[in-house]
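Numbering (my numbering), first residue to last: 8 to 224. Glycine residues also receive a C-beta, built at the ideal position from the N, C-alpha and C atoms.
Next up, the structure:
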């Protein structure tokens, strides 16, 4: 029996379909009436040769890699300072994994870890139970140490913050690569503000885009 799709998965699939349609329209305009072949992949975001590169893309650089955020994945309205801050704090954990910094020793990783809530839980598509922060890191470490080529690249970032309610969500689209395999996945990080104004990440939900690679390991 097929598993019912979660509301988050449905929203992400609708968003990806909209991105694909926008990319096809941009490619058609750039081709000036010539025939171009668009990718059939629902998750493909690489511009076709006829497309004009978008120089307005936003980049967040770290010592490990550069995360390029296609402007088409971002809301048209300007981000609030809080939204930008939560996005920034949501990235160092991936850099720590890519550099195998399992103790979060870099300044950026230490700062991000200081915003992990005591009741943090990680939910993985197909995994039977929530994981604590420590279990999540241990599981990721075990997975990545099986293949030294395992690498995660953030290819899209968006967020939504309700400052009045003190709630925020950050969504990351991630390209996961290891030997002979590449796939796309999504991560949702939920944030809440405490009574003194500090923001805490209290839940991470990770989803793979194919049933073949679903689950934590």
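Give me, in chain order, the residues of the same chain whose beta-carbon lies closer than 6 Å to that of residue 213; leave out the 5 immediate sequence neighbours on both sides.
Setting aside the 5 residues that flank it on each side, residue 213 is surrounded in the same chain by 131 and 194, each with a C-beta closer than 6 Å to its C-beta; the list follows chain order.
Between residue 181 and the rest of its own chain, which residues show a CB-CB distance below 8 Å, the 5 nearest in sequence each way excluded?
Contacts found: 101, 159, 160, 161, 162, 191, 192, 193 and 194.
Could you name the residues that DSSP lists as bridge partners for residue 211?
In the DSSP output, where bridge partners are listed per residue, residue 211 has 129 and 196.
Can you check DSSP and say which residues form a bridge with residue 178?
DSSP output for residue 178 lists 165 and 195 as bridge partner(s).
DSSP-derived helix/strand/coil call for residue 117
Secondary structure of residue 117 (DSSP, three-state): helix.
Report buried or exposed for residue 143, applying the criterion of at least 16 other Cβ atoms within 10 angstroms of its Cβ.
Its Cβ being crowded by 16 or more others within 10 Å, residue 143 is buried.
Drop a sphere of 10 angstroms on the beta-carbon of residue 152, count the other beta-carbons inside from all chains shown, and report buried for 16 or more, exposed for fewer.
Classification for residue 152: exposed.
Whole angstroms is fine: what's the gap from residue 111's alpha carbon to residue 172's?
Approximately 30 Å between the Cα atoms of the pair.
Go through its chain and collect everything with a Cβ distance to residue 97's Cβ below 6 Å, but skip five positions before and after it.
Within the same chain, Cβ atoms closer than 6 Å to the Cβ of residue 97 are found at 177 and 196, the five residues on either side in sequence being excluded.
Inter-residue CB distance, residue 90 and residue 168 (contact presumed, cutoff 8 Å):
Residue 168 and residue 90 do touch by the CB rule: their CB atoms are close to 5 Å apart, below 8 Å.
Do residue 209 and residue 124 have their C-beta atoms within less than 7 Å of each other?
Contact flag set, yes.
How should residue 216 be labelled, buried or exposed, when 16 other C-beta atoms within 10 angstroms of its C-beta is the threshold for buried?
So residue 216 ends up on the buried side.
With distance defined between alpha-carbon atoms, name the residue in 105, 128, 92 and 126 nearest to residue 148.
It is 105 whose Cα lies nearest to the Cα of residue 148.
Rounded distance between the beta-carbons of residue 165 and residue 175, thought under 8 Å:
Wrong, their Cβ atoms sit about 12 Å apart, outside the cutoff.
Between residue 108 and the rest of its own chain, which residues show a CB-CB distance below 7 Å, the 5 nearest in sequence each way excluded?
Excluding residues up to 5 positions away in sequence, 116 lie with their Cβ nearer than 7 Å to the Cβ of residue 108 in the same chain.
Rounded C-beta distance between residue 207 and residue 198? I'm assuming under 8 Å.
Sure, about 7 Å apart at Cβ, within 8 Å.
DSSP state of residue 135, grouped into three classes?
Residue state, collapsed to three classes: coil.
Just the C-alpha distance for residue 85 and residue 95, rounded to the nearest angstrom, thanks.
Taking the straight line joining both Cα atoms gives about 16 Å.
Grouping DSSP H, G and I as helix and E and B as strand, with all else coil, what is residue 170?
Residue 170 falls in the coil class under three-state DSSP.
For residue 202, the three-state DSSP class (helix, strand or coil):
Coil at residue 202, not helix or strand.
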